[in-house]
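J.: Residue 253 in the UniProt record's numbering sits at position 253 of the sequence shown, with consecutive numbering throughout.
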Amino acid sequence: MPALSERKMQIVRTLVEAAPDQVVGGLHAALAGTGGDSALASVRRMVESEARDRQLRNIILQPIVPMCVGDGRDPHNLVFPGRVLGAVWRGLKVIAPAQIAKAELSLYDYRPGESSTEAFDRLVRLAAEAIRAGEVRDFVVAAEACDEARAGGAAAFVACLDLAPVVRAASFRLPEWTTHFSDEVTAGARLAYKDAVSISEDAGPGFFEMLAAQLPHSWMVLRVISAVMDKPTERYLADSELGGFGERVMSDIDDALRAISLLDLDGGSAVAVEAAKRVELITLQATELETCVDLSREHGWGLRLVKQRKSLASVVEARLRETEKYAAQALPTGPAKLRRIRRSIPRLNLPPDETAVRRSLTLLAFAREVRSSANYGGFAAARTKTLEKLGEMLDHYVEEVLDLLKTHETEYEDNARAFLTVVAEFSRLVRDDKAADLVRRRAAAAGQPEPSARATAGA
C-alpha cells in the first residue's frame, strides 16, 4: 500500500496539531507497532514528533498547562481556553527557538525538584513579555482567546505567567505540603506565598488558583492556605481575598447533594458508583474544611456544614429505604393458598419484573459502594440495618423457592429459576461473590433426583 500523499499528510498534520494531548497520546500508542515500510509509517513518525514536542511544551509551561482546558469559561475556577497553550508554544518557537533548544538539552539530566529550572522560567517570562507587547501573531491570538473566554482574561493569563517560576518551585513540594502539617511545611508555604505577592500585591488568589490546578483535587489547596494563614477562623478567611476557595467547596457539596438526590434508578451500576463517589467526595471535602479552618457550629460555614452533613445522611438513608422497597417488588411474595400456612411465599406466576430488578440492582450497588463513607457520613447504622434486613429477606426467599422446586409444588419452574438468578445477583451486592455462588449452586441442584432415586430408576 503506497504512502500517503503530501496533501493528505498535511491534512493529517493539521488534525494532529489541533487534537488534545489525550488524543495524541492515544494515536501514539496505537501506531507504536506500525512497521517502517507500511503506509502509516510516515503518520507514525509525525505523531511521535508531535508527542515529543508536546512533552517538551508541557514541561516548559508546566505551571499553566492544567489551567488551559476546554473553552476556558468555567465560572468557578480560573482557567483559560485549551487552544491558548498551543498558540503560546507556537509563538515561543518564533521568538525563541535557540532558548527552546537549550531547554530541551537540559532535560537529558533533569531531575524535578533538584535541577535548575531557569531555562524553562526564562521562556515563560518571554511569553509574558510577548503577550504584553502584542506584536507576534500567535501571542495576539492567545490574548484574544483569553479575553473571549472571560473579562480580563488576557491580563489574568499574563499574571499567571509572571507567577509561573514561583508556582513551578512550589509544585515540587505540594505532595509534602498537602500530606504533612509541620513547622517546616508552614514555613515553606509561607515563603512561597511571600515570593508570589512580592511580584504583585494582589497575586495571592492567582497563586493559590495555580497551585489548586496542580493538585489531584482543587479543594486540597485549602491545606496550603491553612498553612499560610495558620488555620484561620472562618470569619477571617471568608472576609479575605481567599474566601472564595472556602465558598467554592461549600457550593461543590451542595451540587453533589443535589446530584445524589436525583440518582437515576434505571442507570445501573455505573450511575450508582458515580453517586457513591460523590458521597465520598462530600465526606472528604467536609473533613477538609473542618481540618483547615477554625469553624463554629453556631453560624456561617460551620452551621452550613452541619446542615450539609445532615442532608447527606438524610439523602443516603432515603436511598437505602428505596432499596428495600424495590427489592420487595423485584422478589414479590404473597399469602399461601393453604390457610394453615401463614407465612408469605414467593409469587412465581409471572417472571421477574425487569424494571424493579434493574432499579434494585442500581440501589444495591449504591449501598455497597458507600460502605467506606458510612461512618464519616453519619449513615453507618442505617446502612448496616438495611443490609441485614435484605440479607434475611434473601435467605427466606431462597429457602421458599428451593422448597417449591424440590417438592415440585410449583408449575412455574422456569420463573422460579429466573428469580433465583435475581437473588444470586442481589446476594453478591448485599454480601459477596461467595454468597452469590452458593445460591447458584443450590439452584442448579434443586429439583434434581437424589442419587439413590437415579440408581433405582436405572435398575
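Heads up, the beta-carbon is just placed ideally off N, CA and C, and yes, glycines get one too. Model, not experiment: these values are computed from the prediction.
Do you know how far the Cα of L284 is from the Cα of A259?
T.: Near 17 Å, if we compare the C-alpha coordinates of L284 and A259.
J.: For the segment 341 to 356 against the segment 304 to 320, are there 3 or more C-beta pairs whose distance is under 8 Å?
T.: Cβ pair count under 8 Å is below three, so no.
J.: Could you tell me the distance, in whole angstroms, from the CA atom of G377 to the CA atom of L303?
T.: G377 and L303: Cα-Cα distance of roughly 16 Å.
J.: Restricting to runs no shorter than 3 residues, where is the beta strand (DSSP E) found entirely within the segment 294 to 370?
T.: Counting only runs of 3 or more, we get 333 to 335, 344 to 346.
J.: Look at M229 and L163 and say whether their C-beta atoms are less than 8 Å apart.
T.: No. Outside cutoff.
J.: Provide the residue(s) that pair with T233 in DSSP beta bridges, ordered along the chain.
T.: In the DSSP output, where bridge partners are listed per residue, T233 has D294.
J.: Between which two residues does the alpha helix (DSSP H) harbouring P63 extend?
T.: No alpha helix (DSSP H) contains P63, which DSSP labels as neither H nor E.
J.: Could you tell me how far apart the beta carbons of L92 and L126 are, in whole angstroms, since I believe they sit closer than 8 Å?
T.: L92 to L126, Cβ: 7 Å. Contact.
J.: Enumerate, from N- to C-terminal direction, the unbroken beta strand (DSSP E) stretches of 3 or more residues contained entirely within the segment 121 to 194.
T.: Complete beta strand (DSSP E) runs here, min 3: none at all.
J.: Is it right to say I11 is buried, meaning 16 or more other beta carbons lie within 10 angstroms of its own, or is it exposed?
T.: Flag for I11 reads exposed.
J.: By how many angstroms is the C-alpha of A275 removed from the C-alpha of A457?
T.: The predicted model places A457 with a pLDDT of 44, which falls under 50 and marks its position as unreliable, so this point remains unresolved.
J.: What does the alpha-carbon distance come out to for the pair Y108 and S115?
T.: The straight-line gap from Cα to Cα measures roughly 11 Å.
J.: So, with DSSP's three-state summary, where would you put F80?
T.: Here F80 sits in strand by DSSP.
J.: Where does the unbroken alpha helix (DSSP H) through E400 begin, and where does it stop?
T.: Element bounds for E400: 380 to 406.
J.: Whose C-alpha, out of A128, K277, R168, is nearest the C-alpha of A96?
T.: Residue A128 is the option with its Cα nearest to A96.
J.: Ends of the alpha helix (DSSP H) at S372?
T.: Where S372 is concerned, there is no enclosing alpha helix (DSSP H), given that its DSSP letter is neither H nor E.
J.: Tell me whether A87 is buried or exposed, calling it buried when 16 or more other Cβ atoms sit within 10 Å of its Cβ.
T.: Buried: at least 16 other Cβ atoms inside 10 Å.
J.: If we ignore side chains and look at the alpha-carbon of each, how far apart do I60 and F245 end up?
T.: Computed Cα separation, rounded: 28 Å.
J.: Using 10 angstroms around the beta-carbon of S373, count the other beta-carbons present and answer buried if the total reaches 16, otherwise exposed.
T.: Label assigned to S373: buried.
J.: Among residues of its own chain, excluding the 5 on either side of L78, which ones have a beta-carbon nearer than 6 Å to its beta-carbon?
T.: Within the same chain, L78 has close Cβ partners E209.
J.: Shortest alpha-carbon distance to R321 belongs to which of K385, E280, D264?
T.: Residue K385 is the option with its Cα nearest to R321.
J.: List the endpoints of the continuous alpha helix (DSSP H) containing M250.
T.: 243 to 261 is the extent of the alpha helix (DSSP H) around M250.
J.: Would V43 count as contacting chain B if we go by Cβ distances under 8 Å?
T.: The chain labelled as chain B is not found in the depicted structure, where only one protein chain is given.
J.: Is Q308 near the ligand SAH, with its Cβ less than 7 Å from a heavy atom?
T.: You won't find the ligand SAH in this model; it holds no ligand whatsoever.
J.: What are the start and end residues of the alpha helix (DSSP H) that includes T410?
T.: That residue, T410, is in no alpha helix (DSSP H); it is neither H nor E in DSSP.
J.: Do the segment 422 to 439 and the segment 379 to 398 make contact, defined as three or more Cβ pairs closer than 8 Å?
T.: The segment 422 to 439 vs the segment 379 to 398: in contact.
J.: Taking the C-alpha atoms as reference points, what is the distance between L281 and A436?
T.: Roughly 30 Å separates the two Cα atoms.
J.: Please state whether DSSP places A446 in a helix, a strand or coil.
T.: Three-state DSSP puts A446 in coil, outside helix and strand.
J.: Between D266 and the rest of its own chain, which residues show a CB-CB distance below 8 Å, the 5 nearest in sequence each way excluded?
T.: Same-chain partners within the cutoff: T355, R358, R359, T362.
J.: What does a CB cutoff of less than 6 Å around W177 pick up in its chain, not counting 5 residues either side in sequence?
T.: V185, A189, V224, listed in sequence order.
J.: Just to confirm, is the Cβ distance from L222 to E290 under 8 Å?
T.: The answer is no: Cβ separation not under 8 Å.
J.: What does the alpha-carbon distance come out to for the pair R173 and A196?
T.: Answer to the nearest angstrom: the Cα atoms are 15 Å apart.
J.: Under a Cβ-count criterion, where at least 16 other Cβ atoms within 10 Å of its own Cβ denotes burial, should A459 be classed as buried or exposed?
T.: Because A459 sits at a pLDDT of 39, beneath the cut-off of 50, its placement in the model cannot be relied upon, and the following sentence gives the value as read from the coordinates. Per the 10 Å Cβ criterion, exposed.
J.: Where does the unbroken alpha helix (DSSP H) through S106 begin, and where does it stop?
T.: Taken as a continuous stretch (DSSP letters only), the alpha helix (DSSP H) holding S106 covers 97 to 106.
J.: What three-state label does DSSP hand P205 in the structure shown?
T.: Helix at P205.
J.: What would DSSP say about A435, mapped onto helix, strand or coil?
T.: In the structure shown, A435 sits in a helix (DSSP, three-state: H, G or I).
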